[in-house]
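Numbers given in my numbering equal positions in the sequence shown, counted from 1, plus 29. Every residue gets a Cβ at the ideal spot worked out from N, C-alpha and C, and that includes glycine. Just so you know, these numbers come straight off a predicted model, no measurement behind them. Taking it in order: structure first as structure tokens, then the write-up.
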Amino acid sequence: MEPGRLIDITDPGDVRIAEFISIRERDLTGRQGQFIAEGTVVLSMLAKAHAGAGPVKAEKLLLLKNRVAGLSDLLAQFSEDVPVYVADAAVLDAVVGFHLHRGVLALGSRTAPPDLAALIGALPDDALVLVGCGISNHDNIGSLFRNAAGFTADAVLLDETCCDPLYRKALRVSVGSVLAVPYARQGAAQDVLGSLAEAGFEIWALSPAGTVEIDTITPGRRVALVMGTEGEGLPPVILDHFLSARIAQAPGLDSLNVGTASGIALYNIARAMGRLG
């Protein structure tokens with residue numbers, strides 16, 4: 030990377046890196062379409078997204094000085110209009126408000142996700158989608174996206190009560206998959222599922238009380254897998270209205286973590302649909 034492209038930061042209050050100041054507090058208030066990418070894996074996903082014609086772009090990078098040399102090939106993937114700020118460890122920690130051992134941050138932005146109807150309308154005839162209802166834990170949201178990417182889901186649809194997948198921790202847990210998997214986040218759960226049903230999707234709601242084992246399903250051409258919150262799970266109005274499936278587990282357990290359950294369910298259905306080699 031050209032040394033002249035690096036911009037040295039010595040003042041933690043420098044307005045040029047204001048978006049990175051006290052990022053934990055900013056996480057709580059939201060960034061209106063902007064997001065913080067943390068770590069080299071997520072930065073790599075951001076670089077790929079930035080280079081494409083999609084809705085995700087990088088705006089600026091903030092790096093620990095001693096990480097720059099090892100990231101030169103990755104940094105070269107970002108266009109010259111993306112400023113690269115560097116700082117010593119003490120300054121970087123003062124900026125973000127905690128010890129940032131990874132030493133790699135980026136500010137990105139995403140245009141508003143597509144309207145739910147538009148996203149469903151653009152899905153292929155043999156689509157597999159993952160639906161989240163009422164999932165407010167950022168780790169779980171990140172896991173949903175990582176599993177969706179790993180098991181070839183075409184989109185993730187979240188109801189309006191789910192947390193923002195662009196939250197820093199969700200993005201990190203997803204290892205950047207939030208930047209690659211199409212998603213929409215809007216509407217009540219019943220409305221989301223109703224739209225999918227109208228589009229010809231076979232809808233399977235996951236629950237320990239499901240009527241069939243997930244590995245016995247012969248899926249239709251278009252399938253939606255629906256995940257609810259841990260503890261309460263999906264509401265009866267959804268379980269009573271749609272097909273339901275369970276994952277066999279040891280007796281006496283309440284339920285699996287939603288990240289684990291979604292991975293098992295997606296693997297089984299994607300494999301049954303012939304989507305995995």
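If you follow the alpha helix (DSSP H) that Ala226 is in, where does it begin and where does it stop?
The residue you call residue 226 lines up with position 197 of the sequence shown. Here the alpha helix (DSSP H) through Ala226 covers Ala218 to Glu227.
Helix or strand or just coil, what does DSSP make of Ser101?
Sequence index remark: in the sequence shown, residue 101 carries index 72 (1-based). If DSSP states are grouped into helix, strand and coil, Ser101 belongs with the helices.
Take Ile52 and list the residues in its own chain whose beta-carbon comes closer than 6 Å to its own, dropping the five residues that flank it on each side.
On the sequence shown, residue 52 is found 23 positions in, with the first residue counted as 1. Counting only Cβ-Cβ distances below 6 Å, and skipping sequence neighbours, we find Ile65 and Val125.
Other residues of its chain near Ile36: CB distance less than 8 Å, five sequence neighbours each side excluded
Working through the sequence shown from its first residue, we reach residue 36 at position 7. Excluding sequence neighbours, Ile36 sits near Arg45, Pro112, Val113, Tyr114 and Val115.
Does Asp110 pass the burial test, meaning 16 or more other C-beta atoms within 10 Å, or should it be called exposed?
Translated into the one-based positions of the sequence shown, residue 110 becomes position 81. It counts as exposed.
Leaving out five residues before and five after Val241 in sequence, what residues of the same chain have Cβ atoms less than 6 Å from its Cβ?
Along the sequence shown, one-based indexing puts residue 241 at 212. Taken in chain order, the residues that qualify are Ala274.
Inter-residue CB distance, Gly216 and Glu189 (contact presumed, cutoff 8 Å):
For the purposes of this step, residue 216 is taken as residue 187 along the sequence shown, with counting starting at 1. For the purposes of this step, residue 189 is taken as residue 160 along the sequence shown, with counting starting at 1. Right, their Cβ atoms sit about 6 Å apart.
Using alpha carbons as the reference points, say which of Asp117, Val85, Gln278 and Thr69 lies closest to Asp102.
Residue numbering aside, residue 102 sits at position 73 when the sequence shown is read from its first letter. When only C-alpha atoms are compared, the closest one is Thr69.
Checking the sheet assignment: what are the DSSP bridge partners for Met256?
Here residue 256 refers to the residue found at position 227 when the sequence shown is read from its first residue. Partner(s): Gly161.
With contact counted as at least three CB pairs below 8 Å, one residue from each stretch, are the region 154-163 and the region 127-136 in contact?
The region 154-163, when compared against the region 127-136, does not touch it at the 8 Å Cβ threshold.
To the nearest angstrom, report how far apart Pro84 and Arg139 are at their CA atoms.
Counting from 1 along the sequence shown, the entry for residue 84 is found at position 55. Counting from 1 along the sequence shown, the entry for residue 139 is found at position 110. Approximately 5 Å, taken between the alpha carbons.
Can you check DSSP and say which residues form a bridge with Ala116?
On the sequence shown, position 87 is the one that residue 116 refers to. Checking the DSSP bridge columns, you'll see Ala116 partnered with Leu93.
Since Asn297 contacts Asp244 with CB under 8 Å, what's their CB separation in whole angstroms?
Against the sequence shown, residue 297 aligns to sequence position 268. Against the sequence shown, residue 244 aligns to sequence position 215. Yes, Asn297 and Asp244 are in contact; Cβ-Cβ is about 5 Å, under 8 Å.
Just reading off the beta strand (DSSP E) that Gly137 is part of, what are its end residues?
Here residue 137 refers to the residue found at position 108 when the sequence shown is read from its first residue. Note, Gly137: beta strand (DSSP E), Val133 to Arg139.
Glu259 to Ser284, Cα distance in whole Å?
As a working note, residue 259 is residue 230 in the sequence shown. As a working note, residue 284 is residue 255 in the sequence shown. Distance between the alpha carbons of Glu259 and Ser284 is about 7 Å.
Could you pull the start and end residues of the beta strand (DSSP E) that Ile65 belongs to?
In the sequence shown, counting from the first residue as 1, residue 65 sits at position 36. Start and end: Gln63 to Glu67.
In chain order, what residues of the same chain lie with their CB nearer than 6 Å to the CB of Leu195, ignoring the 5 residues before and after it?
By 1-based counting over the sequence shown, the position of residue 195 is 166. Once the five neighbours on either side are set aside, the close Cβ partners of Leu195 are Phe64.
Have a look at Asn95, Val97, Gly62 and Leu100 and flag the residue whose alpha-carbon is nearest the alpha-carbon of Glu88.
Here residue 88 refers to the residue found at position 59 when the sequence shown is read from its first residue. The shortest C-alpha to C-alpha distance from Glu88 to any of Asn95, Val97, Gly62 and Leu100 is the one to Gly62.
Would you mind giving the Cβ-Cβ distance between Ala209 and Met74, rounded to the nearest angstrom? I have them listed as a contact below 8 Å.
Position 180 of the sequence shown, counted from the start, is the residue given in the question as residue 209. Position 45 of the sequence shown, counted from the start, is the residue given in the question as residue 74. That belief holds up - the Cβ atoms of Ala209 and Met74 are roughly 6 Å apart, short of 8 Å.
Report the residue ranges of all beta strand (DSSP E) runs contained in full by the region 174-198; include only those spanning at least 3 residues, in chain order.
For the region 174-198, the full-length beta strand (DSSP E) segments reaching 3 residues or more read 184-187 along the chain.
Euclidean distance between Cα positions of Phe107 and His79:
Mapped onto the sequence shown, residue 107 falls at position 78. Mapped onto the sequence shown, residue 79 falls at position 50. Each residue's alpha carbon lies about 7 Å from the other.
Can you list, in chain order, the residues of its chain whose CB lies under 6 Å from that of Ala228, leaving out five sequence neighbours each side?
Start at 1 with the first residue of the sequence shown, and residue 228 comes out as number 199. Cβ neighbours of Ala228 beyond the five flanking positions: Ile149.
Assigned secondary structure, Leu129 (DSSP; H/G/I helix, E/B strand, else coil):
Numbered from its first residue, the sequence shown carries residue 129 at position 100. DSSP places Leu129 in coil when its eight states are reduced to three.
Ile232 vs Phe271 beta-carbon contact at 7 Å
To locate residue 232, count along the sequence shown from 1; it is residue 203. To locate residue 271, count along the sequence shown from 1; it is residue 242. In this structure, Phe271 lies closer than 7 Å to Ile232 by Cβ.
Beta carbon of Gly130 nearer than 7 Å to that of Asp122
Walking along the sequence shown from the start, residue 130 turns up at place 101. Walking along the sequence shown from the start, residue 122 turns up at place 93. Checking the displayed sequence, the identity of residue 130 turns out to be His instead of Gly. Against a cut-off of 7 Å, the Cβ pair of Asp122 and His130 comes out as no contact.
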